Amino acid sequence: MFEEFAVQILRAVIALFVIIDPIGNIPIFMSLTEGMTSAQRRKVIEVASITGLALLVTFAVFGIQFLNLFNISLNSFRVAGGVLLLLIALKILMEGGWQTRASSGESGAVPLGFPLLVGPGAITTTMVTMQSLGFEVTLMAISIVFGATVACLALSERIYRLLGQVGSNVFARVMAIFIAAIAVEFVMQGVSFYLLREAA
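The letter at position 142 of the sequence shown is residue 125 when you use my numbering, and the numbering goes up by one with no holes.
Structure, rendered in structure tokens:
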């Protein structure tokens, strides 16, 4: 029982970590916080993490209610989220990441917290995980991933020096392939539901 629970958490953590991709976002974080002091960077990390965490927990708890409000099924959301994820993956593969800049005075809520760390892909993944694996697994996965994200951003200068620009870009593109695979899986799950319903 515990082993199954641990495997579920591991699966959820890997899926969410790949999509949030804190290591791949380090070059963007360095660019956004260029010229800031260490204290200012810590504040940006804090605000970005709180923003992203609040968004994911909100959609984990109330996501289905939001969908019901607009009369959207989870499978339709899976397909839409999968398509968006695929576009994100293709953009990263082609361009190496998001070409988003901000002034040194950015608080970290936008664009780092949303949509760079938590965008449509992370929200979709969280909602799907919530429905398939439950609240405990989802909450633990979110907590673990955001703990790792804060650590990655806090150590961003060291990691960036270790990987370099080329290494960071390669890592981002490798992660993009996994994002594309998750996107295809989302689309297939959503489409297969409607195909099976029509066949029945």
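Cβ atoms here follow ideal geometry from the backbone N, Cα and C, with glycine treated the same way. This structure is a prediction, so every number in the text was calculated from the model and none was measured.
Which residue from L39, V40, I2 puts its Cα closest to that of A155? The residue given as residue 155 occupies position 172 in the sequence shown. A155 has its Cα closest to that of I2, out of L39, V40, I2.
Cβ contact check for the region 55 to 72 and the region 124 to 142: 3 or more pairs under 8 Å: no
Keeping to the same chain, check which residues put their C-beta closer than 6 Å to that of T109; ignore five residues upstream and five downstream. Against the sequence shown, residue 109 aligns to sequence position 126. Once the five neighbours on either side are set aside, the close Cβ partners of T109 are L39, F42, A43.
Delimiting residues of the alpha helix (DSSP H) encompassing T109: For the purposes of this step, residue 109 is taken as residue 126 along the sequence shown, with counting starting at 1. Element bounds for T109: 103 to 116.
Given R24, which residues of its chain have a CB within under 6 Å of its CB, disregarding the five upstream and five downstream residues? In the sequence shown, the residue the question calls residue 24 occupies position 41. Excluding sequence neighbours, R24 sits near T16.
Does the distance from the CB of P5 to the CB of T132 come in under 8 Å? Counting from 1 along the sequence shown, the entry for residue 5 is found at position 22. Counting from 1 along the sequence shown, the entry for residue 132 is found at position 149. For P5 and T132, yes; Cβs fall inside 8 Å.
Is it buried or exposed for G147, if we count other Cβ within 10 angstroms and need 16 for buried? The residue you call residue 147 lines up with position 164 of the sequence shown. That one is exposed.
Going by beta-carbon coordinates alone, are V30 and G91 separated by less than 8 Å? As a first step, residue 30 is located in the sequence shown; it is residue number 47 there, counting from the start. As a first step, residue 91 is located in the sequence shown; it is residue number 108 there, counting from the start. Yes, the Cβ-Cβ distance between V30 and G91 is below 8 Å.
Buried versus exposed, by CB contacts within 10 Å (16 or more), L179: As a first step, residue 179 must be located in the sequence shown, where it is residue number 196. Classification for L179: exposed.
Every unbroken alpha helix (DSSP H) inside the region 14 to 97 [4 residues or more]: 21 to 52, 57 to 78
Within a Cβ cutoff of 6 Å, which residues of the same chain sit near F0, ignoring the five residues on either side of it in sequence? For this step, residue 0 is matched to residue 17 along the sequence shown. Contacts found: V128.
C-alpha distance - S115 paired with Q172, whole-angstrom precision: Stepping through the sequence shown from its first residue, residue 115 is reached at position 132. Stepping through the sequence shown from its first residue, residue 172 is reached at position 189. Approximately 12 Å, taken between the alpha carbons.
Other residues of its chain near G96: CB distance less than 6 Å, five sequence neighbours each side excluded: Within the sequence shown, the letter at position 113 stands for residue 96. Residues A31, T34, G35 of the same chain have their beta carbon placed closer than 6 Å to that of G96, with the five preceding and five following residues left out of the count.
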